[in-house]
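Enquirer: Numbering (my numbering), first residue to last: 512 to 848. Pasting a structure here, questions to come.
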Amino acid sequence: MVDLRSDTVTKPSPAMRQAMAEAEVGDDVFGEDPTVHRLQARVAEVLGKEAALFVPSGVMGNQIALKLHTQPGDEVVVAERSHIYHYESGAPGLISGVQLRPVGDATGILTPEEVTTVVRGAPDWEPRTRLLCLEDTINKAGGRIYPLDTLQAATKAARTHGLALHLDGARLWNAAIATDTPEAEIAAPFDTVNVCLSKGLGAPVGSVLAGSGALMRAARRIRKALGGGMRQVGLLAAAGLYALDHHRAGLADDHTWAHRFADALEATGAFRVVPPETNIVLFDTLREEAETALHRLAAAGIRVVPFGPATLRATFHRDVTESDLTHALDMLPRLYA
Ligand SMILES: *Cc1c(COP(=O)(O)O)cnc(C)c1O
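Here is the structure:
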């Protein structure tokens, strides 16, 4: 079975498990876990921020950021294609009492004009726009990279209107590798940035939220309130550190393989493929329902996920082997001959 459902299906390698087993630990609610401190310092440094906070999941990192930057009743601008809008269980309303303002098209990229147009809050009957959240890479747009000049212009426009800025950088690592841009440069305009260790980097658990020291102290309190204070969690932080040291460069291979898979899909004539920019391939079925294609591919040992009535998603990751790729490339022309 070639599992292309998500880059979260990876399992810790023996070397990663060894790093976890040997981790020095302490009670992190008391601030006494040295491995967590090392991970937080390391991620803060890579992202060019003052401080960072280890959190159990990307959703928690994003939602802590929303809570940090808003008051109940505020409005948060997001791309219509964003993870925060589609896949976080309504948490912005549940936890922060804010409303989301989804903007933009299928690219998930907001321009400075789009940002400027939606900012409101002068009259007392309008919600106050407080925060802009961008995502890079954009999952629901097929792992698309936010063009750096557009990202800088959009965040600048938001700043002009006094908005706070958060980056959902679950796959920021992929954007950085693909464009040969330091993560810190992409993260620079933002007050807070969340990155996932459990996607392409291959750690079993965890995300890291980064920002100023003051924001991270406030974030720690919110994390605790959400039930995210963990004890000897250096075991998991060690996996994150191992992933940062050993798995970042390998993301480039995921991108190459995604391109090869996309070419093979395109060659069948049965799909319209969004040209991949990183490790995700979004493709529309032209001759059948997504569900039918999903089962056809699964029967041939290729697992993908549905992403709409006629859309599927395949995601490459470090547990896809060379023979998995060869199998997929061999099967596609046979399935759609
Ligand atoms: C996966 C993901 C998250 C967070 O997901 P968790 O499963 O909570 O770690 C956030 N944003 C994007 C874009 C993601 O792909």
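Note that beta-carbon positions come from the ideal geometry of N, C-alpha and C, so glycine has one too. Just so you know, these numbers come straight off a predicted model, no measurement behind them.
For Ala-698 and Leu-676, I'd like the C-alpha separation in whole angstroms.
Expert: Taking the straight line joining both Cα atoms gives about 10 Å.
Enquirer: Is there contact between the region 784 to 802 and the region 734 to 754, where contact requires at least three CB pairs shorter than 8 Å?
Expert: Contact fails: fewer than three Cβ-Cβ distances are below 8 Å.
Enquirer: What do you get for Thr-692, buried or exposed, if any count of 16 or more other CB atoms within 10 angstroms of its CB means buried?
Expert: Flag for Thr-692 reads exposed.
Enquirer: What's the gap between the Cα of His-672 and the Cα of Val-815?
Expert: Between His-672 and Val-815, the C-alpha separation is close to 41 Å.
Enquirer: Output yes or no for whether 8 Å exceeds the beta carbon distance between Thr-789 and Ala-686.
Expert: Cβ atoms of Thr-789 and Ala-686: closer than 8 Å.
Enquirer: Check whether the Cβ of Ala-810 lies closer than 8 Å to any Cβ atom in chain B.
Expert: Reference to chain B is not applicable here, since this structure consists of a single protein chain.
Enquirer: When you compare only the Cα positions, how much space is there between Phe-701 and Ser-607?
Expert: Near 20 Å, if we compare the C-alpha coordinates of Ser-607 and Phe-701.
Enquirer: Can you list, in chain order, the stretches of the beta strand (DSSP E) that have 3 or more residues and sit fully within the region 631 to 706?
Expert: Entirely contained in the region 631 to 706, the beta strand (DSSP E) runs reaching 3 residues are, in chain order, 640 to 646 and 675 to 680.
Enquirer: Cβ-heavy atom distance between Glu-646 and ligand 1 below 7 Å?
Expert: The answer is yes for Glu-646.
Enquirer: Can we say the region 611 to 631 touches the region 766 to 773, given the rule of at least three CB pairs closer than 8 Å?
Expert: With a cut-off of 8 Å, the region 766 to 773 and the region 611 to 631 do not count as touching, because too few Cβ pairs lie within range.
Enquirer: Should Lys-710 be counted as a contact of ligand 1 given a C-beta to heavy atom distance under 7 Å?
Expert: Within the cutoff, so yes.
Enquirer: Closer than 7 Å to a non-hydrogen atom of ligand 1 - does that hold for the CB of His-594?
Expert: Yes, ligand 1 has a heavy atom inside 7 Å of this Cβ.
Enquirer: Exposed or buried, Phe-541, counting other C-beta atoms within 10 Å across all chains shown (16 or more means buried)?
Expert: With fewer than 16 other Cβ atoms within 10 Å, it is exposed.
Enquirer: Should Lys-560 and Ala-721 be called a contact, given that it needs their Cβ atoms to be closer than 8 Å?
Expert: Yes.
Enquirer: Identify the continuous alpha helix (DSSP H) that holds Asp-585 and give its terminal residues.
Expert: Element bounds for Asp-585: n/a, residue is neither H nor E.
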